[in-house]
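First comes the structure, then the notes that go with it.
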Amino acid sequence: MNKNFLIGILSVAMALVVSACSDNNAAVTKDNAANMNEGSSSHDQMDHSGSGEVPTDLEAAKNPAYPMGSEAVIEADHMEGMKGAKATITGAYDTNVYMVSYTPTTGGATVKNHKWVIHEEIENAGDQPFKPGDKVVLMAKHMKGMEGADAVVDSVEQTTVYMVDYTDTVSGEQVINHKWVTEKELSPVE
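Numbering (mature numbering (1 follows the signal peptide of the UniProt record, and there is no 0)), first residue to last: -20 to -1, 1 to 170.
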């Protein structure tokens, strides 16, 4: 392949990535807001679509079970309309993933058992994984009030995490660059 052809392909790919980025956020209903104020583990205030931006020190998975561009079925139910949705893999990364409980910077009760925050989304993470019970400061922007929030690590797992695009099975909304789904929360498309 010649150099100009490769540059052309890369330019088209970057344009597609940029055009796929979205600021569409799901509406928060009174019931959803009430659940969040009660300190549930609800993800109803999650920004459904993200920029696709990942931490610069996050390493792409060398041999993921679901390579970028492949499809899988989401088995997780972090949010309504997620379980059973067919996903397209937009990123696969090897890292430590944490379930955390945190107090939103916007006020309100503690959000318990939030899935997932990756090691690279924690302030001053260093090289060693955190342990359950460790107190950390979140740098993730998945939900309102998450960035800069004080949190406690509930669990840790070393795995491949995926960023995915999928269509919400309830609302029909297209969700772009959702962060994060772990490898065991996906299954092959039959």
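All C-beta atoms, glycine included, are put in the ideal place defined by N, C-alpha and C.
Span separating the alpha-carbon of residue i from that of residue j
| i | j | result |
| --- | --- | --- |
| S20 | A40 | Reliability fails at S20, whose pLDDT of 38 lies under 50, so the model's placement of it is uncertain and the value that follows must be treated cautiously. Cα-Cα distance, rounded: 32 Å. |
| M48 | D57 | 22 Å |
| S135 | S151 | 31 Å |
| P168 | A52 | 5 Å |
| Y82 | M62 | 23 Å |
| P84 | E55 | 27 Å |
| T140 | A131 | 22 Å |
| N76 | V117 | 16 Å |
| N15 | K95 | Caution is warranted here: a pLDDT of 34 is assigned to N15, below 50, making its placement in the model unreliable, and no coordinate value can be reported. |
| M26 | E33 | Confidence at M26 is low in this model, with a pLDDT of 49, below 50, so its placement is unreliable and no value can be given for it. |
| G71 | N157 | 8 Å |
| K164 | K42 | 17 Å |
| T86 | I98 | 21 Å |
| A(-8) | E153 | Any reading at A(-8) needs caution, since the residue's pLDDT is 42, under 50, leaving its predicted position unreliable; the model's value is listed next. Rounded to whole angstroms, A(-8) to E153 spans 23 Å at the Cα level. |
| G60 | S50 | Checking the sequence, you will find Glu at residue 60 rather than Gly. Between E60 and S50, the C-alpha separation is close to 23 Å. |
| E127 | A45 | 30 Å |
| P35 | E170 | 33 Å |
| K115 | T162 | 23 Å |
| G125 | E103 | 15 Å |
| A129 | E137 | 21 Å |
| D3 | A105 | Because D3 sits at a pLDDT of 35, beneath the cut-off of 50, its placement in the model cannot be relied upon, and the point is left open. |
| S(-2) | L166 | In this prediction, S(-2) scores a pLDDT of 37, lower than 50, which makes its location untrustworthy; no coordinate-derived value is stated. |
Segment limits, beta strand (DSSP E) that includes residue i
| i | result |
| --- | --- |
| N157 | Q154 to T162 |
| N76 | K66 to Y82 |
| V34 | Premise fails: V34 is in no beta strand (DSSP E) and is neither H nor E. |
| E132 | According to the sequence as given, residue 132 is Val; it is not Glu. Element bounds for V132: D130 to T147. |
| E51 | E51 to I54 |
| L118 | Premise fails: L118 is in no beta strand (DSSP E) and is neither H nor E. |
| L38 | No beta strand (DSSP E) holds L38; DSSP gives it neither H nor E. |
| N93 | V91 to I98 |
| S167 | L166 to P168 |
Residue j beta carbon less than 7 Å from that of residue i
| i | j | result |
| --- | --- | --- |
| M119 | E101 | yes |
| L38 | Y78 | no |
| M143 | K159 | yes |
| V80 | V155 | no |
Cβ of residue i within 7 Å of any chain B Cβ
| i | result |
| --- | --- |
| G87 | In summary, chain B is missing from the structure at hand, where a single protein chain is found. |
field: Touch test, the segment 109 to 118 against the segment 54 to 73, Cβ-Cβ under 8 Å, three pairs minimum
entry: No, they do not touch.
message: I want to know whether the segment 142 to 150 touches the segment 76 to 91 - three or more CB-CB distances under 8 Å.
response: Using a C-beta cut-off of 8 Å, the segment 142 to 150 makes no contact with the segment 76 to 91, since fewer than three inter-stretch Cβ pairs fall below that distance.
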